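J.: Chains as they are written, first to last, in our numbering: chain A, 703 to 1064; chain B, 13 to 294. The C-beta atom is built at its ideal place from N, Cα and C for all residues, glycine as well. Note that the structure is a prediction, hence the values are computed from the model and not measured.
1) Would residue 720/A count as contacting chain B if we go by Cβ distances under 8 Å?
2) State the beta-bridge partners of residue 14/B as determined by DSSP.
3) Assess contact between the segment 278 to 290 of chain B and the segment 137 to 145 of chain B, defined as three or more Cβ pairs (one per stretch) separated by less than 8 Å. Is contact present?
4) Can you tell which of 1003/A, 1009/A, 1048/A and 1044/A has the C-alpha that lies nearest to the C-alpha of residue 1026/A?
5) Secondary structure at residue 738/A, three-state DSSP: helix, strand or coil?
6) Using 8 Å as the cut-off, can you tell me whether the segment 779 to 794 of chain A makes contact with the segment 759 to 769 of chain A, which would need three or more C-beta pairs spanning the two stretches below that distance?
7) Residue 1048/A and residue 256/B - do their beta-carbons sit closer together than 8 Å?
8) Under DSSP, the beta strand (DSSP E) around residue 826/A begins and ends at which residues?
9) Would residue 181/B and residue 926/A qualify as a contact pair, given that the criterion is a beta-carbon distance under 8 Å?
10) Listing by chain order, which chain A residues have their CB less than 9 Å from the CB of residue 184/B?
11) Tell me, please, whether the segment 867 to 876 of chain A touches the segment 773 to 781 of chain A by the rule of three or more beta-carbon pairs shorter than 8 Å.
12) Between residue 993/A and residue 963/A, is the Cβ-Cβ spacing less than 8 Å?
13) Going along the chain, which residues of its own chain have a beta-carbon closer than 6 Å to the beta-carbon of residue 735/A, five neighbours each way excluded?
14) Between the Cα of residue 687/A and those of 739/A, 1046/A, 782/A and 1060/A, spot the shortest distance and give me the residue it belongs to.
15) Give the secondary structure of residue 876/A by DSSP, where H, G and I count as helix, E and B as strand, and everything else as coil.
16) Give a yes or no on whether 8 Å exceeds the smallest Cβ distance from residue 799/A to chain B.
17) Distance, Cα to Cα, residue 884/A vs residue 847/A?
18) Three or more C-beta pairs under 8 Å: does that hold for the segment 224 to 235 of chain B against the segment 106 to 122 of chain B?
19) Do residue 155/B and residue 831/A count as a contact pair if the criterion is CB distance below 8 Å?
20) Compile a chain-ordered list of the residues in the segment 195 to 225 of chain B whose CB is closer than 8 Å to at least one CB of chain A.
21) Taking any Cβ of chain A, which residues in the segment 227 to 257 of chain B have a Cβ under 7 Å from it, in chain order?
22) Starting from the C-beta of residue 102/B, find all residues in its chain whose C-beta is less than 6 Å away, skip the five residues before and the five after it, and write them out in chain order.
23) Assuming residue 259/B contacts residue 998/A (C-beta within less than 8 Å), just tell me the rounded distance between them.
24) Taking 7 Å as the cut-off, is the CB of residue 243/B close to at least one heavy atom of the ligand MN?
25) If contact means a Cβ-Cβ distance below 7 Å, which residues of the segment 1027 to 1047 of chain A contact chain B?
26) According to DSSP, is residue 88/B part of a helix, a strand, or is it coil?
27) Can you check DSSP and say which residues form a bridge with residue 1/B?
28) Which residues in chain B sit within 8 Å of residue 1139/A, going by Cβ to Cβ distance?
29) Please identify, using Cβ separations under 7 Å, the residues of the segment 57 to 80 of chain B that lie next to chain A, in order along the chain.
30) Residues of chain B with CB closer than 7 Å to the CB of residue 847/A, please, in chain order.
31) Would you mind telling me which residues of chain A sit closer than 7 Å to residue 154/B, beta carbon to beta carbon, in chain order?
32) Give me the Cα-Cα distance between residue 819/A and residue 779/A, rounded to the nearest whole angstrom.
33) Could I get the ranges of all uninterrupted beta strand (DSSP E) runs contained in the segment 183 to 255 of chain B, with 3 residues as the minimum, in chain order?
34) Could you spell out the range, first to last residue, of the alpha helix (DSSP H) harbouring residue 1056/A?
35) Would you give the residue range spanned by the alpha helix (DSSP H) that residue 1011/A belongs to?
36) Give the residues of chain B in contact with residue 736/A, contact being defined as C-beta atoms less than 9 Å apart.
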């Protein structure tokens, strides 16, 4: 590479990758292990990371950080089954609970030592907390809440696509002259990969350079959620949701009535949450839950991009809207141009009858 | 106690329109608001001041018009407002933004030490949730994100106890000041400003800081030049080749449409009926 400086040009726009950055190779996925459970977003990312690694002909590695013991070891085997070639494993009692400081220290150290080209994390509370700290420490680029990841073969760079401008457009972001290229992806955005039982891999063990006495934040307690009735929206087979087309808060009951007949989870578009008709955990879309149900019924939802990216993984989408030009009809499979306030009760009654017949028949 | 609250002026996203032909954002006439997530943090800072006594400084980075957001924060009760504005900040990604804001907070702390920094959980326009952690990292603050509740703050003992939202429950954390906190939505309700505060806000002179005033020597770390991420393309998603198949019925009574819809769905996905019966039974 020439020594010549390119005045007035941004470092990030240089055509060729700096020599020292060529040492960065491979795709890494941070495996989120909390209280003995791996968050499923980690496996979804292993699936996606596999594709990115294969496109580049490099290895896929998981980074697993947790307390010493069988649970952590079992998670490493799961990572292999879902497609990882290697697992970088750091086991230490200090890492039993998530704390920003030691986790940042461990992940930063591993990156500096083994130099991955791409590092993916789940866009969960834990993943976002950690990713922001690690990217700042490494002074590299981090793209949040990606909905699509691809390798731009020309520049060997990660093309990370995400909604922008409050979800009204999409943009593709690159981290050209900094490594690793970091990205977070929300749960359920990527499909769960198939498990291959018996698939093995290499475990690379490392440690933490901290003592409990040097970690300032202490975990005093963990209070599990009492509400066992919490929304299972992200993982539901059938989802019914409402939007501004419902007109007023009381009409949301029509969504709930249909959902009760279908055994469905209920949700809504962002404006409903902003208006206070719905709690935030029922919001569907980019800033709410991403869903991948077998059937999604959207009533009175126009289908802005920020909503679209949260529901595109559904097998079948039935949309009800008075406006035949509503964007939701661009990606729904079936459409009903009509008033949700009339169609919803009609669907509830018709489904109730039909399912009663099916129940008798079976 | 001295608390700095970082806020951002954002377009009221419910009203953003995209030009149907050029796919560009139509910014004209879009009203701006304080990022709604910032208000939970501002309110929490004001509550701490009411409870244990503190000074609350609000800080924002943005164009001149962001002054409106600061004035609003003053009318809600903030004591001091600083606008970080410089053309060299334009085009900042989250890394460059946290650099500029952290530099400004460092400068503020030279005359009045800062015990706590509050940031919004995320913004409604960028949605990255990265600037708060970036500031914490740069200033060496203890990082407390997604806080559902502040149990106690002891300025003399330099200690804070909080409840942090985690997967399946809340962590109770004890850490030391100084710290950076982002509050969870719904953790409080923003107050109404008092008349005296509204008059004070209207009259207030907003302090304007450029890069130099914020103590930034290395402007290469600011704006576009200091941003590792590059936006290569902004686009509207392609409409699916196939539009939705419309379910239409002669006469169009809601009942007839509903029956036709169910026939269509069950014909396309025969297993759906079993899924519904199983789910409804649970």
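T.: Reading off the structure:
1) no
2) 67/B
3) no
4) 1003/A
5) coil
6) yes
7) no
8) That residue, residue 826/A, is in no beta strand (DSSP E); it is neither H nor E in DSSP.
9) yes
10) 921, 922, 923, 924 and 925
11) no
12) no
13) 768 and 777
14) Outside the shown range of chain A, which is 703 to 1064, sits residue 687/A, and nothing can be said about it.
15) strand
16) yes
17) 11 Å
18) yes
19) yes
20) 197 and 198
21) 236, 237, 239, 240, 241, 242, 243, 244, 245, 246, 247, 248, 249, 251, 252, 255, 256 and 257
22) 235
23) Going by Cβ atoms, the distance from residue 259/B to residue 998/A rounds to 15 Å, so no, they are not a contact pair.
24) Absence of the ligand MN is noted for the structure shown, with no ligands found whatsoever.
25) 1031, 1032, 1033, 1034, 1035, 1036, 1037, 1038, 1039, 1040, 1044 and 1045
26) coil
27) Past the edges of chain B, shown from 13 to 294, lies residue 1/B, and the structure says nothing about it.
28) Lying before the first or after the last residue shown, residue 1139/A is absent from chain A, which here runs from 703 to 1064.
29) none
30) 139
31) 918 and 919
32) 23 Å
33) 191 to 195, 219 to 221 and 241 to 247
34) 1042 to 1063
35) 1007 to 1013
36) 178, 179 and 180
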